[in-house]
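Scroll down for the structure; my scribbles are underneath it.
There are 2 protein chains.
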Amino acid sequence: MGSMPAVMEGLLADLGSWKTDHCSLVKALEIVGTRSTLLILREAYYGTTRFTGFAQRIGITERIAARQLRHLTEAGLLAKRPYRDEGGRTRDEYVLTDMGRDLLPVILALMQWGDKYLQGEHSPLLYVEHDTGSPVHVELRSDTGNKVELENLGVRLNPDWRRPKPAADVGD
Amino acid sequence: MGSMPAVMEGLLADLGSWKTDHCSLVKALEIVGTRSTLLILREAYYGTTRFTGFAQRIGITERIAARQLRHLTEAGLLAKRPYRDEGGRTRDEYVLTDMGRDLLPVILALMQWGDKYLQGEHSPLLYVEHDTGSPVHVELRSDTGNKVELENLGVRLNPDWRRPKPAADVGD
DNA sequence: GATCTAACTACACTTTTGTATAGCCAGGTC
DNA sequence: GACCTGGCTATACAAAAGTGTAGTTAGATC
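Taken in order, these protein sequences are the chains called G and E.
Per the numbering used here, residue 288 is the first one in the first sequence, and the count goes up by one each step.
Per the numbering used here, residue 288 is the first one in the second sequence, and the count goes up by one each step.
Given below as structure tokens:
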């Protein structure tokens, strides 16, 4: 039932003694912390590239599609690329950058969690290694090759970490 | 630059021909689609269990803490467990269920993405296999043991999938 | 130069998430 | 039985995120 948390090493063990400033999760959520941004990424993984495609397939208004596509583009997850359909003018479509691609584990982990807990017996889609057809899953592994469970996940301070210099106090 | 999307197999290849009803990602986001819910999970992984701990460490108001802790408890990710400090009354604290634990890859994947793209040279925390001290990362692997990249990720219809019967039309 | 089209903006609004301050309440101890 | 404490609610707002309908725009073709 009540499972063990991660192993908080060293000074981190006393949760009352440190703050979560500079948390990477907080920074990540500033960019992809909403429903619509994550669904746009899903669509990009599926191969959607065009404004109307995103809005229609996700089922969001064009206003939101425009706002979030701009947001993700400015943040560097998507890039605009010109295209030209025969008989049409040149326009821009949206393609994943490496930064956007690298969120795939997040989306797939959410999907598989949903598959497991929020669908009935079977889920609508399967994710496989295309080559072999063998099922794909998201895993936590260490460099030694072991799978890592929460109880054996250590969290420690990075000795190389340097606190970014605070923006110089403007005004006396 | 413009990277290839996943391999959409069979009927899925034509994005215009199908809808994303029943999408597991959508269902997952209905539960953990906000900043505060994901931060509460982070804290639960770190070992926070008490109301005040969640609110203070995350830096959210007690109102939001109460709302989202109730939400996650009702959804089954957290469970209330009575505790008793010496000299205090019995109260309830919040502990992870298996359902909550199983979101660890999502949170860790977001953190590592943030570490890579949103921190400077070094990130504040390290995630390691506690046993060995060896770094941990989130990976996509198939049952054959291979790492899977987006270009080799196949998405296909699940042949066992049955569309849930629509809620019987109440009122003609 | 009128027309078509996909990208995108404008306006008016609702819902959800969130802040800030203050106060309630149950069941322990003193 | 007064008091303390941590979980939790009340009231009043602010700020995002999101809806729905309609209109604008740029550069192709006809």
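Note that the Cβ used here is the ideal one computed from N, Cα and C, for glycine as well.
Starting from the beta carbon of Lys403 (chain E), find every residue of chain G whose beta carbon is closer than 8 Å, and list them in chain order. Asp389
Quick check on Asp301 (chain G) - is its C-beta less than 7 Å from some C-beta in chain E? no
Cutoff 7 Å; reference His309 (chain E); Cβ partners in own chain excluding five residues on either side: Within the same chain, His309 (chain E) has no close Cβ partners at all.
Gly441 (chain G) beta carbon less than 7 Å from that of Val294 (chain G): yes
Helix, strand or coil: which one does DSSP assign to His409 (chain G)? Judged by DSSP in its simplified three-state form, His409 (chain G) adopts coil rather than helix or strand.
Does the beta carbon of Ser323 (chain E) come closer than 7 Å to any beta carbon on chain G? no
In angstroms with no decimal places, state the Cα-to-Cα distance between Gly407 (chain E) and Pro451 (chain G). 8 Å
Please name the residue in G:Ser304, G:Ala315, G:Asp385 and G:Glu349 whose C-alpha comes closest to that of Tyr332 (chain G). G:Asp385
Please report the straight-line C-alpha distance between Ala342 (chain G) and Pro369 (chain G), rounded to a whole angstrom. 19 Å
Within the 7 Å Cβ cut-off, does Tyr370 (chain G) reach chain E? no
Which bits of chain G does Glu357 (chain E) rub up against, with CB to CB less than 7 Å? Looking at the sequence itself, residue 357 (chain E) is Arg, so the reference to Glu does not match. Simply none; closest approach about 18 Å.
Nearest by alpha-carbon distance to Lys367 (chain G): which of G:Leu328, G:Asp379 and G:Ile318 is it? G:Asp379
Would you mind telling me which residues of chain G sit closer than 8 Å to Lys314 (chain E), beta carbon to beta carbon, in chain order? Gly401, Leu405 and Gln406
With a Cβ-Cβ cutoff of 7 Å, do Ser304 (chain G) and Gly401 (chain E) count as a contact? no
With which residues is Pro451 (chain E) paired in a DSSP beta bridge? Looking at the DSSP assignment, Pro451 (chain E) forms no beta bridge with any residue, so it has no partner.
Checking contacts by CB at 7 Å: is Asp379 (chain E) closer than that to chain G? no
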